[in-house]
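S.K.: My questions all concern the structure below.
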Amino acid sequence: MGVTCLWIPPACKAFGGQGSTGYDTYDLYDLGEFDQKGLGVPTKYGTKAELQRLVASAADCGLDVLFDIVVNHKAGADYTEPAKGVRVEEYDRLREITGNLEEIEVWTGFDYPGRKDQYSSFKWNKSHFSGVDYDEISKSRAIWRLEGKEWARDADDDRGNYDYLMFANIDHSNPEVRSELFRWISWLGRQLPLGGIRFDATKHISKAFQRDFVAHIRREAGPGWLVISEYWHLDAGFMARLIEQFDHQMMLFDIPLVHKFRDLSEAPEADVDLRGVFDGSLGRLKPDHSVQEGQTSQTLIQPWFIPLAYALILLHADVGTPCVFYGDLYGSFGPLGSRAAGTLELPPHCALVAKMVLVRRYWAYGPQSTYFDDPRCVGFTRHGKEYPPSSRRSRGRGRRPGSGGGGGGSGLAVVLSAATGASAHHRDHHQDGGRVTKKMYVGVQHAGERWTDILLREPRQSKCEDEKRGEEKEEEEEEVKGGERGEVVLIDDQGWGTFSAGPRSVAVWVDVAAEARDVVDGFEL
């Protein structure tokens with residue numbers, strides 16, 4: 066399809082057992098191998114043997130696997146310890162509520178009796194943590210900074226200091242902790258032939274530790290491991306500076322862009338302005354290639370906008386490495402809303418997203434022309450790879466679909482519409498009844514080609530053929546969005562075409578004779 070990496074959830078044993086997504090990590094060395102704390106052997110995702118088979122199968126398919134690591138906190142301790150701590154404010158962790166140390170009993174003892182020292186004999190205790198959120202004596206919840214500890218000064222300054230997030234907060238300044246976490250990541254690389262990691266909750270972790278940790282990974286695994294940092298921040302300038310701080314050794318999710326998608330999807334039509342969709346995004350600042358686009362379902366983007374968001378992160382030239390959410394392709398299991406547990410529901414946009422992944426693979430190449438000239442209708446083209454001069458003469462008006470000549474990376478045209486029904490006009494852009502057209506340049510090398518919308522399920526070949534289909538088929542096709550259904554755009558002698566999209570939709574136009582067009586047209590999930 067064009068996918069190169071699989072990002073899997075945390076696969077270590079979690080406190081919530083088989084009902085946990087894995088972010089409440091209990092034992093980093095248990096990948097679904099030991100029966101601990103009555104949680105059973107498997108994690109939510111299976112056993113260690115199954116995980117190893119997954120990674121091996123992915124490698125056979127040419128896919129790297131990114132392991133989601135959680136080294137900010139630990140949960141589900143085996144025993145409590147008496148301690149002293151000072152209570153701090155929830156929204157200002159630098160402000161002490163009373164300033165007095167309190168006698169508390171904390172869940173900070175981890176000795177892993179079920180694993181019996183296999184792989185590691187390290188035992189965690191209160192000296193390895195800087196804060197907790199529960200006192201067993203009073204049965205109360207709050208945030209306590211433990212006696213003799215300080216929050217990491219180079220953690221994010223949100224909430225005064227955002228070192229503490231949840232559970233027992235790991236003290237990354239402790240030499241024993243540093244050594245153990247370095248040993249663990251080396252062990253993980255020996256257990257699984259990974260392609261990299263997704264580093265969870267990095268705004269809550271010392272930046273100095275992160276630099277040292279990634280440097281250790283580079284020494285152990287070499288430069289090939291991909292390291293993606295989940296640093297949730299809306300200031301792209303700050304994030305670009307952060308990439309510089311890490312010497313471009315870590316990629317960041319483009320959080321500002323994903324939030325822009327959400328805001329556009331929720332705004333009233335009169336307030337939508339697609340022209341500034343990339344303004345304030347990390348990709349716009351171009352910090353080398355150290356940008357990973359966030360998956361669209363992460364911030365509750367409205368369904369109508371999801372195909373538009375994917376068109377932008379998959380097909381536009383000026384963004385980073387796109388990340389496609391599994392649920393946007395293959396659906397997600399309940400419980401969700403009114404759906405019961407174990408029920409699977411495919412999203413309405415799954416086929417569109419899958420085709421756009423394929424379009425990226427085959428045709429999203431070459432120079433780009435952009436037409437971000439109207440608030441509710443924007444477009445862009447990719448001109449494709451250059452053809453040898455000798456082949457251009459044969460690419461004229463007389464060539465019919467299927468006659469050959471379409472090269473790999475042959476380019477595309479994308480029209481995105483946020484309009485619902487109002488009529489408007491713009492230079493090189495017409496909108497009527499919610500359907501929009503936009504005149505765009507695709508390159509003189511495409512003169513004479515016939516382009517159609519690749520996102521259509523069954524594009525119509527002619528008006529006569531359509532009339533034979535009957536009213537039932539007509540009503541069914543009315544639901545298909547993405548360009549004038551069945552319209553063929555003829556590229557003129559100067560390399561221009563006029564492309565369309567339906568209301569609140571995206572259309573992706575490609576030469577009917579492009580290499581692999583039959584593969585994409587016939588693709589089914």
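Take any residue in the sequence shown, count from 1 to its spot, add 65: that is its number in this note's numbering.
Built from N, CA and C at the ideal position, the CB exists for glycine as well.
From a predicted model like this one, the values you see are computed outputs, not experimental measurements.
With the cut-off set at 8 angstroms, would you say residue 212 and residue 148 are in Cβ contact?
M.R.: One-based indexing of the sequence shown puts residue 212 at position 147. One-based indexing of the sequence shown puts residue 148 at position 83. Taking 8 angstroms as the Cβ cut-off, residue 212 and residue 148 qualify as a contacting pair.
S.K.: Quick check: the segment 229 to 247 against the segment 137 to 151, are at least 3 beta-carbon pairs closer than 8 angstroms?
M.R.: Short answer: they touch.
S.K.: Counting C-beta neighbours from all protein chains within 10 Å, is the total for residue 196 16 or more, i.e. buried, or is it exposed?
M.R.: Along the sequence shown, read from residue 1 onward, the residue named residue 196 stands at position 131. By the neighbour-count rule (16 or more Cβ atoms within 10 Å), residue 196 is buried.
S.K.: Can you give me the C-alpha to C-alpha distance between residue 166 and residue 209, rounded to a whole angstrom?
M.R.: Residue numbering aside, residue 166 sits at position 101 when the sequence shown is read from its first letter. Residue numbering aside, residue 209 sits at position 144 when the sequence shown is read from its first letter. Their Cα atoms are separated by approximately 9 angstroms.
S.K.: Provide the residue span of the beta strand (DSSP E) that contains residue 126, from first to last.
M.R.: As a first step, residue 126 is located in the sequence shown; it is residue number 61 there, counting from the start. Element bounds for residue 126: n/a, residue is neither H nor E.
S.K.: Measure the C-alpha to C-alpha separation of residue 114 and residue 108 and round it to an integer number of angstroms.
M.R.: Here residue 114 refers to the residue found at position 49 of the sequence shown. Here residue 108 refers to the residue found at position 43 of the sequence shown. When rounded, the distance between both Cα atoms is 12 angstroms.
S.K.: Closest to residue 239 by C-alpha separation, out of 222, 274 and 513, would be which residue?
M.R.: Locating residue 239 in the sequence shown gives position 174, counting from the first residue. Closest by alpha carbon: 274.
S.K.: How many whole angstroms separate the CB atoms of residue 116 and residue 78, which I take to be in contact at a CB cut-off of 8 angstroms?
M.R.: To locate residue 116, count along the sequence shown from 1; it is residue 51. To locate residue 78, count along the sequence shown from 1; it is residue 13. Actually they do not touch by this definition, with Cβ atoms about 12 angstroms apart.
S.K.: Could you tell me if residue 354 is buried or exposed, where buried requires 16 or more neighbouring beta carbons within 10 angstroms of its beta carbon?
M.R.: As a first step, residue 354 must be located in the sequence shown, where it is residue number 289. Because the pLDDT of residue 354 is 42, which lies under 50, any placement of that residue in the model is unreliable, and the number read from its coordinates should be weighed accordingly. Exposed: under 16 other Cβ atoms inside 10 Å.
S.K.: Does the beta-carbon of residue 223 have 16 or more other beta-carbons within 10 angstroms, so that it is buried, or is it exposed?
M.R.: What you label residue 223 is simply residue 158 of the sequence shown in a count that begins at 1. Classification of residue 223: exposed, given that the 10 Å Cβ count is below 16.
S.K.: Does DSSP classify residue 164 as helix, strand or coil?
M.R.: Translated into positions along the sequence shown, residue 164 becomes position 99. Strand.
S.K.: Considering only their Cβ atoms, is the gap separating residue 374 from residue 442 smaller than 8 angstroms?
M.R.: Locating residue 442 in the sequence shown gives position 377, where the first residue counts as 1. Locating residue 374 in the sequence shown gives position 309, where the first residue counts as 1. The answer is no: Cβ separation not under 8 angstroms.
S.K.: Which one or two residues does DSSP pair with residue 194 in a beta bridge?
M.R.: Position 129 of the sequence shown, counted from the start, is the residue given in the question as residue 194. Paired residues: 235.
S.K.: Assuming residue 594 is part of the beta strand (DSSP E), what are its boundary residues?
M.R.: In the structure as shown, the chain starts at 66 and stops at 590, and residue 594 therefore has no counterpart that could be examined.
S.K.: Express the C-alpha separation of residue 564 and residue 416 in angstroms, rounding to a whole number.
M.R.: Numbered from its first residue, the sequence shown carries residue 416 at position 351. Numbered from its first residue, the sequence shown carries residue 564 at position 499. Taking the straight line joining both Cα atoms gives about 21 angstroms.
S.K.: Compare the C-alpha of residue 423 against each of 394, 158 and 407 and name the closest.
M.R.: Walking along the sequence shown from the start, residue 423 turns up at place 358. If we check each option's Cα against that of residue 423, 394 comes out closest.
S.K.: On the three-state DSSP scale, how would you describe residue 324?
M.R.: Indexing the sequence shown from 1 puts residue 324 at position 259. Residue state, collapsed to three classes: helix.
S.K.: How long is the line joining the alpha carbons of residue 590 and residue 414, rounded to whole angstroms?
M.R.: Residue numbering aside, residue 590 sits at position 525 when the sequence shown is read from its first letter. Residue numbering aside, residue 414 sits at position 349 when the sequence shown is read from its first letter. Between residue 590 and residue 414, the C-alpha separation is close to 12 angstroms.
S.K.: Go through its chain and collect everything with a Cβ distance to residue 370's Cβ below 7 angstroms, but skip five positions before and after it.
M.R.: As a first step, residue 370 is located in the sequence shown; it is residue number 305 there, counting from the start. For residue 370, where only same-chain residues beyond five positions count, the Cβ hits under 7 angstroms are 326, 329 and 330.
S.K.: Tell me which residue opens and which closes the alpha helix (DSSP H) that residue 372 is part of.
M.R.: Mapped onto the sequence shown, residue 372 falls at position 307. 371 to 380 is the extent of the alpha helix (DSSP H) around residue 372.
S.K.: Here's the rule: buried if 16 or more other CB atoms are within 10 angstroms of the residue's CB, otherwise exposed. What is residue 264?
M.R.: Here residue 264 corresponds to residue number 199 of the sequence shown, with the count starting at 1. Looking at its Cβ environment, which holds 16 or more other Cβ atoms inside 10 Å, residue 264 is buried.
S.K.: At the level of alpha carbons, what is the spacing between residue 143 and residue 168?
M.R.: To locate residue 143, count along the sequence shown from 1; it is residue 78. To locate residue 168, count along the sequence shown from 1; it is residue 103. Computed Cα separation, rounded: 20 angstroms.
S.K.: Are any of the Cβ atoms in chain D nearer than 8 angstroms to that of residue 475?
M.R.: Any reference to chain D falls outside this structure, which holds one protein chain only.
S.K.: Near residue 267, which residues of its chain fall below 7 angstroms by C-beta distance, leaving aside the five closest residues on each side in sequence?
M.R.: Mapped onto the sequence shown, residue 267 falls at position 202. Result list for residue 267: 275, 294, 295 and 296, in chain order.
S.K.: Just list the residues that DSSP pairs residue 421 with in beta bridges.
M.R.: Here residue 421 corresponds to residue number 356 of the sequence shown, with the count starting at 1. Its beta-bridge partners do not exist; DSSP assigns none.
S.K.: Roughly how many whole angstroms lie between the Cα atoms of residue 576 and residue 131?
M.R.: By one-based count along the sequence shown, residue 576 stands at place 511. By one-based count along the sequence shown, residue 131 stands at place 66. So the alpha carbons of these two residues sit roughly 35 angstroms apart.
S.K.: Looking at the structure shown, is residue 543 part of a helix, part of a strand, or coil, going by DSSP?
M.R.: Indexing the sequence shown from 1 puts residue 543 at position 478. Unreliable placement is indicated for residue 543, whose pLDDT of 36 sits below 50; no coordinate value is reported for it.
S.K.: How many Å lie between residue 304 and residue 316 at the Cα?
M.R.: Reading the sequence shown from its first residue, position 239 is the one you call residue 304. Reading the sequence shown from its first residue, position 251 is the one you call residue 316. If you take the alpha carbons of residue 304 and residue 316, they lie about 10 angstroms apart.
S.K.: Note the first and the last residue of the continuous beta strand (DSSP E) segment covering residue 562.
M.R.: Taking the sequence shown and counting its residues from 1, one reaches residue 562 at position 497. Per DSSP, residue 562 belongs to the beta strand (DSSP E) from 561 to 566.
S.K.: Assign residue 388 to one of three DSSP states: helix, strand, or coil.
M.R.: Reading the sequence shown from its first residue, position 323 is the one you call residue 388. Three-state result, residue 388: coil.
S.K.: What does the Cβ neighbour count give for residue 578, buried or exposed, with the cut at 16 atoms within 10 Å?
M.R.: The residue labelled residue 578 in the question sits at position 513 within the sequence shown. Result: buried.
S.K.: What whole-angstrom Cβ distance do residue 430 and residue 505 have, given they're in contact under 8 angstroms?
M.R.: The residue given as residue 430 occupies position 365 in the sequence shown. The residue given as residue 505 occupies position 440 in the sequence shown. About 17 angstroms separates the two Cβ atoms, so there is no contact after all.
S.K.: Among residues of its own chain, excluding the 5 on either side of residue 90, which ones have a beta-carbon nearer than 7 angstroms to its beta-carbon?
M.R.: Locating residue 90 in the sequence shown gives position 25, where the first residue counts as 1. So the list reads 75, 77, 79, 135, 139 and 140, once near-sequence residues are dropped.
S.K.: Within the segment 74 to 130, note down every full beta strand (DSSP E) run reaching 3 residues or more, in order along the chain.
M.R.: Complete beta strand (DSSP E) runs here, min 3: 90 to 92.
S.K.: Anyone know if the C-beta pair for residue 518 and residue 574 falls short of 8 angstroms?
M.R.: Mapped onto the sequence shown, residue 518 falls at position 453. Mapped onto the sequence shown, residue 574 falls at position 509. Cβ atoms of residue 518 and residue 574: closer than 8 angstroms.
S.K.: Only counting runs of 4 or more residues, tell me where the alpha helix (DSSP H) segments fall wholly within the segment 235 to 283, in order along the chain.
M.R.: With a minimum length of 4 residues, the continuous alpha helix (DSSP H) runs that stay inside the segment 235 to 283 are 240 to 256.
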